[in-house]
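Protein sequence lines correspond, in order, to chains L and Y.
Note that the UniProt record's numbering has the first sequence beginning at 1, numbered continuously upward.
Note that the UniProt record's numbering has the second sequence beginning at 1, numbered continuously upward.
Positions of the beta carbon are idealized from the N, C-alpha and C atoms, including for glycine.
For reference, the structure is listed below as structure tokens.
There are 2 protein chains.
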Amino acid sequence: MIKLDFEKMGGLIPAVIQDHESGEVLMVAFMDEKTLNLTLETGKTWFFSRTRNKYWMKGEESGNTQEVKEVLTDCDADTVVIKVKQNGPAACHTGNRSCFYVKWENGEWVEHSNPLFDPNEVYKK
Amino acid sequence: MIKLDFEKMGGLIPAVIQDHESGEVLMVAFMDEKTLNLTLETGKTWFFSRTRNKYWMKGEESGNTQEVKEVLTDCDADTVVIKVKQNGPAACHTGNRSCFYVKWENGEWVEHSNPLFDPNEVYKK
Numbered sequence: 001m002i003k004l005d006f007e008k009m010g011g012l013i014p015a016v017i018q019d020h021e022s023g024e025v026l027m028v029a030f031m032d033e034k035t036l037n038l039t040l041e042t043g044k045t046w047f048f049s050r051t052r053n054k055y056w057m058k059g060e061e062s063g064n065t066q067e068v069k070e071v072l073t074d075c076d077a078d079t080v081v082i083k084v085k086q087n088g089p090a091a092c093h094t095g096n097r098s099c100f101y102v103k104w105e106n107g108e109w110v111e112h113s114n115p116l117f118d119p120n121e122v123y124k125k
Numbered sequence: 001m002i003k004l005d006f007e008k009m010g011g012l013i014p015a016v017i018q019d020h021e022s023g024e025v026l027m028v029a030f031m032d033e034k035t036l037n038l039t040l041e042t043g044k045t046w047f048f049s050r051t052r053n054k055y056w057m058k059g060e061e062s063g064n065t066q067e068v069k070e071v072l073t074d075c076d077a078d079t080v081v082i083k084v085k086q087n088g089p090a091a092c093h094t095g096n097r098s099c100f101y102v103k104w105e106n107g108e109w110v111e112h113s114n115p116l117f118d119p120n121e122v123y124k125k
């Protein structure tokens, strides 16, 4: 029976969140065993924030939740790819559709930011 | 100027390798600053193996190298997505096209292995 390996990263695994239709990688965050189980049980994506040291559900503040369509793990069971339907206009807290809007071009990182919502409106301080 | 944050994971960042045409996530591995620079300079994917504690180029043994087409980082610059042309039949050392051939189905992980080469042939002991 396959069991996920959380040990390699001290209890966490990377979770690659992919748009189930376009294949675009929307974000990469981290899960522990509890948040992976919450994701599998609720059908919404839950993560462990390394910086805020807390559990969080994607969209708990913004409403931009993610509906789980498919969950895959890899050959050494230490990473997951989760295909989701992204609710709302964007996945990234900056308002960008995907968090991966910075591209390596001619020897430097170039931002291609195109926010689809105003973070100041969505994330009230 | 954007600089990648290797500190969060003690010198490493996750690298999500995606087929540049199909969008399929082929594998997730880890890079340090040196292997990211090698990847950007050589146009082939280089990683740091946490288990073997060494640098490796994808395909150095199998010949299944990966040609870098596009490199993206995210809003907090601590992860990269690299779109590649996969040379040879498969990315995974098991012979599967993608390492993500295990799917969560009805409460358990189910293997959907379909090797496109024989690892015993390709990886001589």
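Any contact between the segment 34-53 of chain L and the segment 101-112 of chain L? By contact I mean 3 or more CB pairs, one from each, below 8 Å.
No: fewer than three Cβ pairs fall under 8 Å.
In this structure, how does DSSP classify L:MET1 when only helix, strand and coil are distinguished?
Correct three-state label for L:MET1: coil.
Beta carbon of L:GLU70, beta carbon of Y:LYS103: below 8 Å?
In this structure, L:GLU70 sits near Y:LYS103, with a CB-CB distance shorter than 8 Å.
So if I threshold CB-CB distances at 8 Å, which residues from the segment 12-32 of chain Y count as touching chain L?
Only PRO14, VAL16, GLN18, SER22, GLY23, GLU24, VAL25, MET27 and VAL28 from the segment 12-32 of chain Y bring a Cβ to less than 8 Å from some Cβ of chain L.
Determine the chain Y residues that contact L:THR79 at a beta-carbon separation under 7 Å, and present them in chain order.
Under the 7 Å cutoff, chain Y gives VAL28.
Any contact of the segment 109-123 of chain L with the segment 17-26 of chain Y, i.e. 3+ C-beta pairs under 8 Å?
With a cut-off of 8 Å, the segment 17-26 of chain Y and the segment 109-123 of chain L do not count as touching, because too few Cβ pairs lie within range.
Chain L within 8 Å of Y:TRP46, Cβ atoms only
Not a single CB atom of chain L sits nearer than 8 Å to the CB of Y:TRP46.
Under 9 Å Cβ-Cβ, which residues of chain L neighbour Y:VAL122?
The premise fails here: Y:VAL122 is roughly 14 Å from chain L at the closest Cβ pair, so nothing lies under 9 Å.
Would you mind sorting L:GLY95 into buried or exposed? The rule is 16 or more other CB atoms within 10 Å of its CB.
It is buried - the Cβ of L:GLY95 has at least 16 other Cβ atoms within 10 Å.
Figure out for me which residue from Y:LEU4, Y:TYR101 and Y:ALA90 has the closest Cα to the Cα of L:VAL80.
Considering only alpha carbons, the answer is Y:TYR101.
Classify L:LYS124 as helix, strand or coil using the three-state DSSP reduction.
In the structure shown, the three-state DSSP call for L:LYS124 is coil.
Determine which residues share a DSSP beta bridge with Y:TYR55 and list them.
Beta-bridge partners of Y:TYR55 (DSSP): Y:PHE48.
Any beta carbon from chain L within less than 8 Å of Y:THR94's own beta carbon?
So, interface residue.
Alpha-carbon to alpha-carbon, Y:SER98 and residue 135 of chain Y:
Nothing about residue 135 of chain Y can be reported from this structure: the residues present for chain Y run from 1 to 125 only.
Which chain Y residues sit within Cβ distance under 9 Å of L:LYS103?
Within chain Y, the C-beta atoms nearer than 9 Å to that of L:LYS103 come from GLU70, VAL71, LEU72 and THR73, in chain order.
Between which residues of its own chain and Y:PRO14 is the CB-CB distance below 7 Å, once the five residues before and five after are set aside?
Around Y:PRO14: VAL28, PHE30 and THR79.
At a Cβ threshold of 8 Å, is Y:LEU116 touching chain L?
So, not an interface residue.
Strictly under 8 Å for the Cβ-Cβ distance: is L:TRP109 near chain Y by that measure?
For L:TRP109, the nearest beta carbon of chain Y is closer than 8 Å to its own beta carbon.
Please confirm whether L:ASP32 and L:VAL84 have their CB atoms less than 8 Å apart.
No.
Can you give the beta carbon distance from Y:ASN37 to Y:GLY59, rounded, assuming they're within the 8 Å contact cut?
Wrong, their Cβ atoms sit about 18 Å apart, outside the cutoff.
Please confirm if Y:PHE6 has its CB atom under 8 Å from at least one CB of chain L.
No, its Cβ sits nowhere closer than 8 Å to a Cβ of chain L.
For Y:LEU12, which of helix, strand or coil comes out of DSSP?
DSSP places Y:LEU12 in coil when its eight states are reduced to three.
Looking at the structure shown, is L:THR73 part of a helix, part of a strand, or coil, going by DSSP?
Strand at L:THR73.
With L:GLU111 as the anchor, note down where its alpha helix (DSSP H) starts and where it stops.
Here L:GLU111 belongs to no alpha helix (DSSP H); instead the beta strand (DSSP E) covers 108-111.
Among the candidates L:THR73, L:ASP76, L:GLY63 and L:ASP74, whose CA atom is the shortest distance from the CA of L:TYR123?
It is L:GLY63.
So what does DSSP say about Y:GLU61, is it helix, strand or coil?
If DSSP states are grouped into helix, strand and coil, Y:GLU61 belongs with coil.
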